[in-house]
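Chains as they are written, first to last, in our numbering: chain A, 1 to 430; chain B, 431 to 723; chain C, 724 to 1037.
Cβ coordinates follow ideal geometry from the N, Cα and C atoms, glycine included.
Please read these numbers as outputs of a predicted model, since none were measured by experiment.
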Amino acid sequence: MKRSRALLLAGVAASAVLLAGCSAPADSGSAGDGSGTVRFLGPEDPATFAPVIEAFEAEHPEITIDYTQVPFDQYSSTLQQRLGAKDDTIDVYAVDQPNLSQLAAQGFLEDLSDLSDEAKAATSSAQFEINQYDGKMWALSVWNSTQMLFFNRDALAAAGVEAPTADPAARWTWEQTADAGRAAQAAGTQYGLLLEQVEAYYQLQPLAESLGGGSGIIGDDMLTVDVTNDGWVKAMDWYGDTFESGLSPRGVGGFQTAPVFIDGNVAFFVGGPWDVGRFASDASFDWGVAPMPYFEGGEVATPTGSWSWGVNTASKNKDAAREFIEFAALDPAGALTTTEATTIIPSNSEAAATYLPGLEELGGEHAAGVADLITYEIEETAVPRPVSVGYVQFESAMNTAFADIRNGSDPAARLEQATTQIQDAWKKLR
Amino acid sequence: MTASLAPSQAPAGRRRSTRRRLGPVGTSVLGAVIGLAFLIPLWWTVVNSLRPGDETFRYLNPLEWRTFFTLTPTLDNYFALLDTDLGRAILNSLFISLVTVVVGLAICATAAYGLSAFKFRGQGLLFSVIILSFLIPFDAIAIPLADMFRDWNLQNTFFGLILPGLGNGMAIFLLRTFFLAIPEELVEAARLDGLGPWGVFRRIYLPLSVPALIGAGLMLFLFQWQAYVWPLLMGTDRDHVVGPVALSNLQGQFAVDYGVLFAASVILILIPLAIIIGFQRYFIQSVSTTGLK
Amino acid sequence: MTTPTTRAGADPRARRAVRPAPPARPTRRGRRHPALIALAFLAPALVALLVLRLAPAAVALWDSLFRTSLLGGTQFVALGNYLELFGNPDFQNALLVTVVFTILINPLQVATAFLLAVLYTRKAAGSKIWRSLVILPIAVPPAVSAVIWSVIYRPDGLANGFLELFGLPAQPFLTSPQQALASIMVLLSWIGVGYWMMFLIAGINDIPRSYYEAASLDGASWWRQLWTITFPLVRRPLAFVLVADTVSNLLVFAPVQILTKGGPEGSTNLLMYDIFTRAYTLGDLNTAQAEVVILVLITLVIVALQFRLLRTED
C-alpha cells in the first residue's frame, strides 16, 4: 500500500506541475481565535440558511459563514467519508439526530458538554436527550419535527363521516382512521390512507411503539435487536394489510406521496409541519389537521427529532464554529432565523412559541389548532428514535423490510430476516 | 497524401440500397415508430417542466390528452432555476467535460494506436491491463482514490474533478477496435510516401476513425457530465458545484418540486442532445472504405 | 475472416487501388523498435490508468483483508471478509440475481442494438432524427430517468395506462418480486440500447457498399445479406459492444438505489448496489471492498469467456 502510494505520488507530481494553475489548495483561512471563515455543511437549499447566516454575520462581523449544500440522499455517506478523512474544510455540520452516536463514537464531533445547562434550558427534554451519547453532549438541537393526520374534509363529507379535530384529547385510533378511509373510498375517493414516508422508520416506529413493541433496539449498549415481539408483528400485520386491502397504494414512494393528497386522491395523509404551508398553497379542497392516531387500547406515540448541529473535531476554527451553533440553537432570536425560510419547528422552545402561531396562520383556516397541537405532541407524546451506534445499519435494514412488507411479504418472517441482517451488520461494529 | 486515399465517389446509382425486403416507406415508418416510442418518457418530462409542479401527477391515470400535452405552458419552472446554482454548475460541468474530452481523447487515441498499429512482445498483457482497468467499478474505488486525492490537496479543485475522467480504458478499447479495421494497405502506402509513426497516426488513423472518435468522445463526456458520487467526495463548494449535484440539490428533504426538477433535467439534457445531433452528419459511410473504391 | 487483409483482398477494386507492397519491406507490424514506439504512445494512458484505477483498486484489495470496527479498531483478518460473505444468504442471493441479470440483459440489449443499427443505417426518411431519439436517453441524468420510470411503473402510472388502452390487465411492475428485475432491465435498455447502437452504426458504415451490391446481383435475400455480410463484418465492433455493455450492466446501481433499494424480497439486489450500500450507507468499507474484488473477478471471467467466444479465426 505504501509503495503504491509512493508510485502514485511520483506519477501525479509530474502532471500536477503541468496543471498547477488549476489547483488551488483548500485553505481554511482561519485564525483559531473566534474569527475568520466558518465552513458549514448541510443538506438544505442555501436559501434556507441565508437568514440565519445573515443575522449571525451582522452580530459577529469578524466571522464569515461559508455554506455548502450536499444533496440529502447522499448527505450521510458523504459526511462519513469526508469526516473519516479528517477533512478540515468542514467546521460545522448538520447532524441527522439518530446518526449522532455513530458520529460521536468515531470522534467526529467536538464535546460540547460545557453547554449542557444552557442547552437543557433551551429545548424540550427529548430534544436535549437526543444529543447525549456516552454521558456527554455532542451537538445542539436546531430543528424539531412531529407528524400529524391531515384529512380531506370534502372526501369525508361525501362519505358521511364526521371529520376528526385538532384536539389531542379526541385523538382517533388507527382502526377508526382505516374505517373512515374505507368509507371515503366507497364514496369515490381513490385511496383511504397514506403515510408520507411510506417506507421510513421515522414514521413507522410509532406504530410499533403504540402496541408496546418498543423502538426495536434494546440492551445496555443498545445493540440488541428486538423487532420480532408481538407489538412489532401486530403493527406490521396491520400496516401490510392497509396495502393488501387497497386502502393505501403500493408503488408510490419517495416524494410522490404528498401530491396524491394534493390531487384529492386520498382521504387521510400522515405528514409533517412542512406540509401545512404546501397544502395551503396547492390543495384546492377543504382539508384539516388532527393528531396522529394510535392503536385502540395502545399507547399514544408520535415521531420527533430532526437536525442538530455539531462541530467537526478536525476543524481549525472551533471557537468561531461554536459561536455560530450557539447562536442558531441557544439564542431564541437566532433560532428563529433558522426557520424563517422553511416550515420546520425550531428546537428552541422560546423560538417555537413565536414560530408556531405563524405556521398556523400560514395554513389559514384549515390549519386551525395546529400550533397548540404541535406544542402538545412535542412535550407529551414524542418518542425519539433510539440512540445507538448501530442506528444507521438498523434503519437501513428496517426500511428495506418495510418496503417488502408493503409489497406483500409476510411480516413476521420478514422481521425475523431483518433481525438476522441487523445482527450481522452489528457484529462488525464491536 | 497519395492519390489512393482520395475518396472517389461511386456513381449515385450504385450507392442506392439494394436491400428490398422492407421498402424505404416501411423502413421510415418503423424507424419513426421506434424513435417516438423512445421519446415518450422524455416528452412527458418536457411537458411537465412546462407545468406547475403540483400538477405533475394529476393527469396520469387514465391516460388522456392532457397527460402528454398542455394548453397553458409556463416557463415559471425555468425562471425558478435562475435563483439556483444550476447555471454555475452547468458551466463548471461543461468546462470539466470539455477538458476531459480533449485531453482524454489525446491520451486514449494514442494508446489505442500503440496497441493496434504495432506488434511487440507484451502487447497482449498491456491490452489485458487496459481491459482490467475498466472492469473495476469506479464508484467502488472512489473512496480509496478520494483519500489519495486529499493527501495531494486536490479537494475543491477542478484538477481533482477532471483527473479521474482521463483514464478511460473503455474508450481505448473502443478506439482500438476501430483502428484494427483500418486496411493495412492504406498504412503501407502512406509509409511508402514517407510518413513516420506519428504521421501515420495523424493522417491515416485519426481521419479514418471519426465516428469512433466521436463515440469515444461522447463516452468521456458523459462520464463527467453525469459524475455524481466523485464530485461529492471531492467536496464541491459553491465554486465547484457540478450539474448532477446541483440537480440533486433541488430535491429537498421534505418535498420536491417536480416541475423545477424536470426543467433542470431538460436543460442538462440539451447539451448532450446538441452534441449527439450535431455529430450525426459524421455517422456516414466511412472514408476508410470509400477511399478504397 | 474479418482481418483487414481478407476484407481488402475480397474486393477486387481495392487491390487495384493500392500499390502492392514489395515483399522485402517489413510490414507495419514488424518494424525496427515497435515496442519502444508503441510504449511511447501508450505511456500517458498507462500512467493515468495506473494512478486513477489500478492503484486505488490495489488499495481496495489490500483493505479487503482487514476489518475496521467502529468500537474495536483495525485488525488483519486475511480472507475472513470473503468467507463471511459467501456464508451470508443475502450475498448469495445478490450473486444469483447478478448472474441471472447478466445472462438475460446482455444478449437482449446487444441484439436489439444490432437490429436497430441495421434499421437506422438503411436508406429511409428522417432516420438521423429517429436514431438521435433512440440515443438520447443516455444523456438523461440517472436520477431523473429513475424518477421518470417510477412514474411509468406506478400502479396508476403511464405503463398501466397504456396497457389499459390496449385492454390488458394492470401489472404490479416494481412492487412484485417476479417483475421488478425485468422492469429494471427495460429501464436500463431504454437508457443504453441507443448508445450501443451508435457504435454498431459506426461499424456497419465501415462495410463497403459494394459487398451488398455484389450479393444483390447474386440474388441474396435481405436476411441472407444480414447474416453473411453485415453480421460477420461488424464482428469486431459487436465484440466491443458486448464486452462494454456487459461491464456497464455489471456496474449499474443508480436505478436500483432510487427505485427498489434491492427489493422486493431482494429480487433486484444487484452486486454493485449491494457494494454501494455497504460502502456508502452502512460504512462497512472492508467488506464492500471484498465484494468489489469478487465482482471484478466475476466480470473478468465473463469477459474472458466472451473474448474466447468471439475470437476471430486468425
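Three-state secondary structure assigned by DSSP to residue i
i, result
"A:S308", "strand"
"B:S724", "Given a span of 431 to 723 for chain B in the structure shown, any question on residue 724 of chain B remains unanswerable."
"C:T983", "coil"
"C:P900", "coil"
"A:D241", "helix"
"B:P574", "helix"
"A:I63", "strand"
"B:W474", "helix"
"B:D569", "helix"
"A:A368", "coil"
"A:V387", "coil"
"C:T791", "strand"
"A:P43", "coil"
"C:I927", "helix"
"C:N1009", "helix"
"B:N679", "helix"
"B:F550", "coil"
"C:N972", "helix"
"A:F269", "strand"
Contact test: residue i Cβ vs the ligand HEM heavy atom, cutoff 6 Å
i, result
"A:Q97", "Of ligands this structure carries none, so the ligand HEM is not represented either."
Classification of residue i by the beta-carbon crowding that lies within 10 angstroms, buried from 16 upward
i, result
"A:A20", "The predicted position of A:A20 is uncertain, since its pLDDT is 37 and thus under 50; no value can be drawn from it."
"B:Y712", "exposed"
"A:R414", "buried"
"A:H366", "buried"
"C:A740", "Note that C:A740 scores 39 on pLDDT, short of 50, meaning its location in the model is unreliable; the coordinates nonetheless yield the value given after this. Burial call: buried."
"A:I53", "buried"
"B:F509", "exposed"
"A:E477", "Residue 477 of chain A lies beyond the residue range present for chain A, which begins at 1 and ends at 430; the question has no answer from this structure."
"B:H670", "buried"
"B:G665", "buried"
"C:T750", "Residue confidence is low: C:T750 scores 47 on pLDDT, short of 50, so the model does not pin down where it sits. No coordinate-derived value is stated."
"A:A44", "Reading off the sequence, residue 44 of chain A comes out as Glu, not Ala. Classification of A:E44: buried, given that the 10 Å Cβ count is 16 or more."
"B:R481", "buried"
C-beta atoms of residue i and residue j nearer than 7 Å
i, j, result
"C:L993", "C:T821", "yes"
"A:E110", "A:V311", "yes"
"A:L207", "A:A178", "no"
"B:G534", "B:L596", "yes"
"A:A329", "A:L140", "yes"
"B:L545", "B:R606", "yes"
"A:A166", "A:A290", "yes"
"A:T123", "A:T304", "no"
"C:E988", "A:D221", "no"
"A:F455", "A:L193", "Nothing can be reported for residue 455 of chain A, as the shown portion of chain A is limited to 1 through 430."
"C:A1011", "C:I1021", "no"
With a floor of 4 residues, list each alpha helix (DSSP H) that falls wholly inside the segment 814-892 of chain C, ordered by position along the chain. 850-858, 865-876, 881-888, all fully within the segment 814-892 of chain C.
Chain A contacts made by the segment 474-495 of chain B, where a contact means CB separation under 7 Å: Answer in chain order: D484, T486, F487, R488.
Can you list, in chain order, the residues of the segment 633-664 of chain B whose Cβ is nearer than 7 Å to any Cβ on chain C? So the close ones are P641, A642, G645, L652, Q656.
Cβ-based contacts, 7 Å cut-off: residues of the segment 681-700 of chain B near chain A: For chain A, the residues of the segment 681-700 of chain B that bring a beta carbon within less than 7 Å of one of its beta carbons are Q681, G682, Q683, F684, A685, V686, in chain order.
Contact set between the segment 830-860 of chain C and chain B, restricted to residues whose Cβ is under 8 Å from the partner: Residues of the segment 830-860 of chain C that bring their beta carbon within less than 8 Å of a beta carbon in chain B comprise L839, L842, Y843, R845, K846, A847, A848, G849, S850, K851, I852, W853, R854, S855, L856, V857, I858, L859, P860, in sequence order.
Please specify which runs of the alpha helix (DSSP H), each continuous and at least 4 residues long, are wholly inside the segment 171-226 of chain A, giving them in chain order. 174-186, 201-210, all fully within the segment 171-226 of chain A.
Jot down the residue ranges of each uninterrupted beta strand (DSSP E) in the segment 286-336 of chain A, minimum 3 residues, whole runs only, in chain order. The segment 286-336 of chain A contains these whole beta strand (DSSP E) runs: 287-291, 307-311.
Chain-ordered residues of the segment 538-552 of chain B with a beta carbon less than 8 Å from chain C: Going along the segment 538-552 of chain B in chain order, one finds C538, T540, A541, Y543, G544, L545, A547, F548, K549, F550, R551, G552 with a Cβ nearer than 8 Å to chain C.
Unbroken stretches of the beta strand (DSSP E), 3 residues or longer, contained in the segment 84-148 of chain A: 92-96, all fully within the segment 84-148 of chain A.
Contact set between the segment 254-265 of chain A and chain B, restricted to residues whose Cβ is under 7 Å from the partner: Within the segment 254-265 of chain A, the residues whose Cβ lies closer than 7 Å to some Cβ of chain B are F255, Q256, A258, P259, I262, D263, listed in chain order.
Check distances from the C-beta atoms of the segment 1001-1017 of chain C to those of chain B and list, in chain order, the residues that come in under 9 Å. Within the segment 1001-1017 of chain C, the residues whose Cβ lies closer than 9 Å to some Cβ of chain B are A1002, Y1003, L1008, A1011, Q1012, E1014, V1015, listed in chain order.
Compile a chain-ordered list of the residues in the segment 953-976 of chain C whose CB is closer than 7 Å to at least one CB of chain A. Under the 7 Å Cβ criterion, the segment 953-976 of chain C contributes no residue.
With 7 Å as the limit, tell me which residues of the segment 522-533 of chain B have their beta carbon closer than that to any beta carbon of chain C; keep them in chain order. The segment 522-533 of chain B vs chain C, Cβ under 7 Å: nothing.
Pull out every residue of the segment 567-581 of chain B whose Cβ sits closer than 9 Å to any Cβ of chain C, in chain order. Within the segment 567-581 of chain B, the residues whose Cβ lies closer than 9 Å to some Cβ of chain C are P567, F568, D569, A570, I571, A572, I573, P574, L575, A576, D577, M578, listed in chain order.
Please name the residues in the segment 592-611 of chain B whose beta-carbon is closer than 8 Å to at least one beta-carbon of chain C, in chain order. For the segment 592-611 of chain B, which is checked against every Cβ of chain C, the residues closer than 8 Å are L593, P594, L596, G597, G599, M600, I602, F603, L604, T607, F608, L610, A611.
Note down, in chain order, all residues in the segment 58-76 of chain A with a beta-carbon under 7 Å from any beta-carbon belonging to chain B. Correct list: T68, Q69, V70, P71, F72, D73, Q74.
Given a limit of 9 Å on CB to CB distance, which residues of the segment 781-799 of chain C reach chain A? Contact annotation: in the segment 781-799 of chain C, residues whose CB is within less than 9 Å of a CB in chain A are A781, V782, W785, D786, R790, T791, S792, L793, L794, G795.
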